[in-house]
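Report on the following structure.
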Amino acid sequence: MSGPGSTPSPSRSLGERIREWLPAVVVFGLGLVAWQWLLPDVLGVEDFLLPRFSDVLGALVDEHHLLLRGAWITLKEAVGGFVLGSGAAIVVALVLARWRPFGDALMPYMIAANAIPIIAFAPITNAWFGILSPWSKVTIAAVLCFFPVLVNTLRGLTSVDPESIELMRSYAASERDVFRRVRIPSSLPYVFSALKVASVLAMIGAVVGDYFGGSLEALGIVVLSAVNLSRYATSWAAILVASIMGIAFYATIAGIERYTLSWHPSVARRAS
Amino acid sequence: MAFRRILSRALVFVVVLGGLWAVWEGYKWLWERTGWSKPFRVDDLTLPHVHSILLQLGKPTSTGDDLWLYLLHSALFTARAAAVGFLFGAAVGFALGVVLAHFDVLRRGVMPYVVASQTIPILALAPIVVRGLGSVSIGGGPPPDWARVAVIAAYLTFFPVTVNTMRGLLSADPWALELMHSYAARGWTTLWKLRVPSALPYIFTALKIAATASVVGAIIGEQTASISNGLGGAILNFNQYYVLEPTDLWATNLFAAMLGIGFFLVVLVAEKVIVHRAPERLV
Amino acid sequence: MSASEGSVVSIAGLTKVFGNGGVTALQEIDLEIERGEFVSMIGPSGCGKSTLLRIVGDIVEPTEGDVTVNGKPARRARLDRDYGIVFQAPVLYDWRTVAKNIALPLEMGGWDRAKRAARVREMLELVELTGFEKHHPWQLSGGMQQRVSIARALSFSPALLLMDEPFGALDEMTRERLNLELLRIWAETGSTVIFVTHSISEAVFLSTRVVVMSPRPGRVASVVQVDLAQPRTAATREEPRFFELVTEVRESLHATGADEVEETLPAEGEIA
Numbered sequence: 001m002s003g004p005g006s007t008p009s010p011s012r013s014l015g016e017r018i019r020e021w022l023p024a025v026v027v028f029g030l031g032l033v034a035w036q037w038l039l040p041d042v043l044g045v046e047d048f049l050l051p052r053f054s055d056v057l058g059a060l061v062d063e064h065h066l067l068l069r070g071a072w073i074t075l076k077e078a079v080g081g082f083v084l085g086s087g088a089a090i091v092v093a094l095v096l097a098r099w100r101p102f103g104d105a106l107m108p109y110m111i112a113a114n115a116i117p118i119i120a121f122a123p124i125t126n127a128w129f130g131i132l133s134p135w136s137k138v139t140i141a142a143v144l145c146f147f148p149v150l151v152n153t154l155r156g157l158t159s160v161d162p163e164s165i166e167l168m169r170s171y172a173a174s175e176r177d178v179f180r181r182v183r184i185p186s187s188l189p190y191v192f193s194a195l196k197v198a199s200v201l202a203m204i205g206a207v208v209g210d211y212f213g214g215s216l217e218a219l220g221i222v223v224l225s226a227v228n229l230s231r232y233a234t235s236w237a238a239i240l241v242a243s244i245m246g247i248a249f250y251a252t253i254a255g256i257e258r259y260t261l262s263w264h265p266s267v268a269r270r271a272s
Numbered sequence: 001m002a003f004r005r006i007l008s009r010a011l012v013f014v015v016v017l018g019g020l021w022a023v024w025e026g027y028k029w030l031w032e033r034t035g036w037s038k039p040f041r042v043d044d045l046t047l048p049h050v051h052s053i054l055l056q057l058g059k060p061t062s063t064g065d066d067l068w069l070y071l072l073h074s075a076l077f078t079a080r081a082a083a084v085g086f087l088f089g090a091a092v093g094f095a096l097g098v099v100l101a102h103f104d105v106l107r108r109g110v111m112p113y114v115v116a117s118q119t120i121p122i123l124a125l126a127p128i129v130v131r132g133l134g135s136v137s138i139g140g141g142p143p144p145d146w147a148r149v150a151v152i153a154a155y156l157t158f159f160p161v162t163v164n165t166m167r168g169l170l171s172a173d174p175w176a177l178e179l180m181h182s183y184a185a186r187g188w189t190t191l192w193k194l195r196v197p198s199a200l201p202y203i204f205t206a207l208k209i210a211a212t213a214s215v216v217g218a219i220i221g222e223q224t225a226s227i228s229n230g231l232g233g234a235i236l237n238f239n240q241y242y243v244l245e246p247t248d249l250w251a252t253n254l255f256a257a258m259l260g261i262g263f264f265l266v267v268l269v270a271e272k273v274i275v276h277r278a279p280e281r282l283v
Numbered sequence: 001m002s003a004s005e006g007s008v009v010s011i012a013g014l015t016k017v018f019g020n021g022g023v024t025a026l027q028e029i030d031l032e033i034e035r036g037e038f039v040s041m042i043g044p045s046g047c048g049k050s051t052l053l054r055i056v057g058d059i060v061e062p063t064e065g066d067v068t069v070n071g072k073p074a075r076r077a078r079l080d081r082d083y084g085i086v087f088q089a090p091v092l093y094d095w096r097t098v099a100k101n102i103a104l105p106l107e108m109g110g111w112d113r114a115k116r117a118a119r120v121r122e123m124l125e126l127v128e129l130t131g132f133e134k135h136h137p138w139q140l141s142g143g144m145q146q147r148v149s150i151a152r153a154l155s156f157s158p159a160l161l162l163m164d165e166p167f168g169a170l171d172e173m174t175r176e177r178l179n180l181e182l183l184r185i186w187a188e189t190g191s192t193v194i195f196v197t198h199s200i201s202e203a204v205f206l207s208t209r210v211v212v213m214s215p216r217p218g219r220v221a222s223v224v225q226v227d228l229a230q231p232r233t234a235a236t237r238e239e240p241r242f243f244e245l246v247t248e249v250r251e252s253l254h255a256t257g258a259d260e261v262e263e264t265l266p267a268e269g270e271i272a
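Residue numbers (my numbering), protein chains in the order written: chain A, 1 to 272; chain B, 1 to 283; chain C, 1 to 272.
Structure (structure tokens):
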């Protein structure tokens, strides 16, 4: 807890930072060693379960054209679905927060809808837009993002301290004022936390949506066809690419969060 | 008083379902009438009538069973795989979470990777894992289909449960910890009487997510490994014949939705029973 | 039942019942508060003092009775922003700096930027927090946050200040210091204050009059005139007359049967 008039706590020393990250680096190193030698040579893990790390790297390099092309297509689908789904969810959340009886009544249904395996609809969206069209995957990604963002944004808009509302009422504030000045700013932490989850879901929607059929060059199809041809190193390389994209997407959202929420105590204190 | 509550909830349920039905049929009617092709052309193939789907459930399939029975068997197959994987993944995840909460060095070493696992599409590994396990020999042969699928449910459950268990265990109020200390409570006692109860809300959050993820993982696993017994197999099957009879696939999705919601509800009920928390205050 | 000359708040026959005939929080309250007075309300938990404050502020509706503030009905007074309110929690917005928090009611009142800036500076001087304009609430101590809350309540120079146990969450020494500050501010601004508290010594120290309330259903049990000399100082707490008055208030409280009151939970919608 900061004392009166204090600035955020001083930066930690370099030594402290190294000590914090050293175990993770060691584990990373050990992991690589295990991947490269322990699993294949000592434990006899077969190629089709997990190829050697150098093999995967090799496939990454050899097939980089294929993989980059697939990554680009999949990224577009994921981002498209993310923007569509999250955008729609935020709009609906604003409406439902404004007309509370609807919002309160529908909340349990939205939570339930979130538990539906949306991905199972991929063949149907393929029937709608055509198997090769990116729109079928964009739709899946969008619907995957929609409910979590909706539920969390709505929670954020309605979890306002009652005294805050009383304060605004003492200023003769209209509902619009309350929204603009209180509900929306205080919902931002919730919204960002939902957007981070949505970014992962959008990636899953785009990649796994392809498992039901998609454009030949999309990353998901690359994985499937590689597995079919028993070229496991390539399939793992594709997964690796998808993972890196996933982390990058998530990190981007987290970065935007840190900038937008610079006022939030949890963000500001960590910034040292 | 309570009866009125139940009645109003039931009324809302009917209204919501009725509303959805009205939106569906209304959209279909409007798009067919005008012939709009954006976002997609609407006809009996792309958007069958709700009643067509429901009626189809009573028709027989090539297996001899009526559709609803066939889907029920498929759903149970998927459910078993998902449930076994879920429970196993939850148990291992909980155990690892406890270990990580206790051993600081281990935590700092492993945590970034467990957290990173939350940002990558692990589900994408499903086909590789299930196919791969199909070629492995354990006790004289490859593991049974449902077990291969359960593995996916297990790892999809494992990561979030580990993260949340750890976070939850470490979230115990420092003053409550001091109180425990003043009772001369030893490690295990503090663990079970204080930390674990403090962690339960976090753990259940992870379990609710994992419940759905397990079902999804099971379906994807079946589908990509061409396992014909579960809902994934049903989807594969009916997808091939979609142009001949679209309602079969829609009916499958209905069952998949019910399975997902069902799993979620089970965890929700378990949470209500086990965790006694102050209700959410929405203003 | 008309408001007499110089009375800022006029309460007649006020009754408040919560939840369809469930809980009677207040019963037949009659009270007149003159301009420039400092009136404390004290009573056991559940006696309705906070509810009474909120009814004066038109944040809660009375069941029966008339409330006139500044010669108008309470609702009109609220819409005209005739009062400022301070709660036990500072209710400051994390995403606004101290300066912007204080400026909030001014923004809502349509003041232009230059006037707002000037007023904020004045208020910061008044509560002795000059230099903290750009700080965020979580960087300040509890006492400082409450001072910001007071500055905000007074920023638009309301005739009336409503305070609901504003120092309840602070330690004794900070409380005593802030008591002196509040008296200084009261003298400088010439406003009328209605102050709800649990502390007998605080009530006697600050007020010109102490209203003692009975346990639920809340009635005015007695009114104690505090004739201590103004301006009050730290030395005032050691005068014999101070102890006499504290004893008088304490005996009034006991006479209402306060120590035989059972603690019950507030009814739905009720404020304790």
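Using N, Cα and C, we set each Cβ at its ideal position, and we do this for glycine too.
I need the DSSP call for Ser214/B, collapsed to helix, strand or coil. Looking at Ser214/B - three-state DSSP - the assignment turns out to be helix.
Answer with yes or no whether the minimum CB distance from Thr40/A to chain B is below 8 Å. Note that residue 40/A is Pro in the sequence shown, not Thr. No - not a single Cβ of chain B is within 8 Å of the one on Pro40/A.
Could you pull the DSSP bridge partners for Ser222/C from this structure? Per DSSP, Val212/C.
Report all residues from its chain with a CB closer than 7 Å to the CB of Ser4/C; omit the five preceding and five following residues, and keep chain order. Caution is warranted here: a pLDDT of 48 is assigned to Ser4/C, below 50, making its placement in the model unreliable, and no coordinate value can be reported.
For Gln145/C, is the classification buried or exposed, using 16 other Cβ atoms within 10 angstroms of its Cβ as the cut-off for buried? Buried, because 16 or more other Cβ atoms sit within 10 Å of the Cβ of Gln145/C.
Is the beta carbon of Phe94/B less than 8 Å from the beta carbon of Val161/B? Closer than 8 Å, so yes.
Taking the alpha carbon of Glu64/C as the point to measure from, which residue in Pro44/C, Thr15/C and Gly19/C has its own alpha carbon closest? Among Pro44/C, Thr15/C and Gly19/C, the Cα nearest to that of Glu64/C belongs to Thr15/C.
Following the continuous alpha helix (DSSP H) through Ala124/B, name the residue where it begins and the one where it ends. Per DSSP, Ala124/B lies in no alpha helix (DSSP H) segment and is marked neither H nor E.
Tell me whether Phe156/C sits in a helix, a strand or coil according to DSSP, three-state version. Coil at Phe156/C, not helix or strand.
What span of residues does the alpha helix (DSSP H) with Leu72/B cover, start to end? Leu67 to His102 is the span of the alpha helix (DSSP H), which, as asked, contains Leu72/B.
Chain-ordered chain B contacts of Ser186/A [CB-CB under 9 Å]: Neighbours of Ser186/A on chain B: none; closest Cβ ~11 Å, over 9 Å.
Select from Ser214/C, Pro240/C, Leu245/C and Glu238/C the residue whose C-alpha is nearest the C-alpha of Val224/C. Ranked by Cα distance from Val224/C, the first of Ser214/C, Pro240/C, Leu245/C and Glu238/C is Leu245/C.
Strictly under 8 Å for the Cβ-Cβ distance: is Gln56/B near chain A by that measure? No, Gln56/B does not count as interfacial toward chain A.
Could you work out which residue in Ser157/C, Asp227/C, Gly21/C and Pro137/C is closest to Asp274/C when comparing CA atoms only? Past the edges of chain C, shown from 1 to 272, lies residue 274/C, and the structure says nothing about it.
Could you work out which residues of chain B lie near Gly246/A, taking near to mean beta carbons separated by less than 7 Å? Within chain B, the residues near Gly246/A are Thr119, Ile120 and Pro121.
Which residues of chain A have a Cβ atom closer than 9 Å to the Cβ of Gly329/C, listed in chain order? The structure shown does not extend to residue 329/C, since chain C is modelled only from 1 through 272, so no value can be given for it.
Can you name the residues of chain C whose CB is closer than 7 Å to the CB of Ala173/A? Within chain C, the residues near Ala173/A are Met108.
Go to Ile124/A, then tell me how far its alpha helix (DSSP H) extends in each direction, as first and last residue. Unbroken alpha helix (DSSP H) run through Ile124/A: Ala122 to Phe129.
Looking at Asn253/B and Ser74/B, is the spacing between their C-beta atoms short of 8 Å? Using a Cβ distance threshold of 8 Å, Ser74/B and Asn253/B do not count as a contacting pair.
What residue range is occupied by the uninterrupted beta strand (DSSP E) comprising Lys16/C? Annotation: the continuous beta strand (DSSP E) that includes Lys16/C extends over Ser7 to Phe18.
Output, in chain order, the set of chain A residues within a Cβ distance shorter than 7 Å of Ile235/B. Near Ile235/B (Cβ distances below 7 Å), the residues of chain A are Ala120 and Pro123.
Would Glu257/A pass as an interface residue toward chain C - the criterion being a Cβ-Cβ separation below 8 Å? Closer than 8 Å: no.
Pairwise C-alpha distance: Leu30/B and Val223/A: Separation of Val223/A and Leu30/B (C-alpha to C-alpha, rounded to the nearest whole angstrom) is 40 Å.
Ala206/A beta carbon less than 8 Å from that of Thr74/A: When the beta-carbon positions are compared, Thr74/A and Ala206/A come within less than 8 Å of each other.
From what residue to what residue does the beta strand (DSSP E) around Gln27/C run? Its beta strand (DSSP E) spans residues Val23 to Glu34.
For Gly5/A and chain C, any beta-carbon pair shorter than 8 Å? In this prediction, Gly5/A scores a pLDDT of 41, lower than 50, which makes its location untrustworthy; no coordinate-derived value is stated.
Between the C-alpha atoms of Pro90/C and Gln139/C, what's the straight-line distance to the nearest angstrom? A straight line joining the alpha-carbon of Pro90/C with that of Gln139/C spans about 13 Å.
Members of the stretch 68-93 of chain C near chain A, C-beta cut-off 9 Å: Taking 9 Å as the Cβ-Cβ cut-off, the stretch 68-93 of chain C approaches chain A at Arg78, Leu79, Asp80, Arg81, Tyr83, Gly84, Ile85, Phe87, Gln88, Ala89, Val91 and Tyr93, given in chain order.
Between the C-alpha atoms of Phe88/B and Gln88/C, what's the straight-line distance to the nearest angstrom? Each residue's alpha carbon lies about 49 Å from the other.
Determine the burial state of Leu55/B: buried for a count of at least 16 other Cβ atoms within 10 Å of its Cβ, exposed for fewer. So Leu55/B counts as exposed.
Mind checking if Arg108/B is an interface residue toward chain A, Cβ cutoff 8 Å exclusive? So, interface residue.
N-terminal and C-terminal residue of the beta strand (DSSP E) that Gly65/C is part of: Note, Gly65/C: beta strand (DSSP E), Glu64 to Val69.
Report the option in Val226/C, Arg216/C and Ser252/C whose CA atom is closest to the CA atom of Pro240/C. Of Val226/C, Arg216/C and Ser252/C, the residue nearest in Cα terms is Val226/C.
Give the range of the beta strand (DSSP E) segment to which Gly84/C is assigned. Counting along the chain, Gly84/C sits inside the beta strand (DSSP E) bounded by residues Tyr83 to Val86.
Does Leu229/A come within less than 8 Å of chain B when only Cβ atoms are used? Taking CB atoms only, Leu229/A has no neighbour in chain B less than 8 Å away.
According to DSSP, Thr192/C sits in a beta bridge with which residue or residues? Its beta-bridge partners are Leu160/C.
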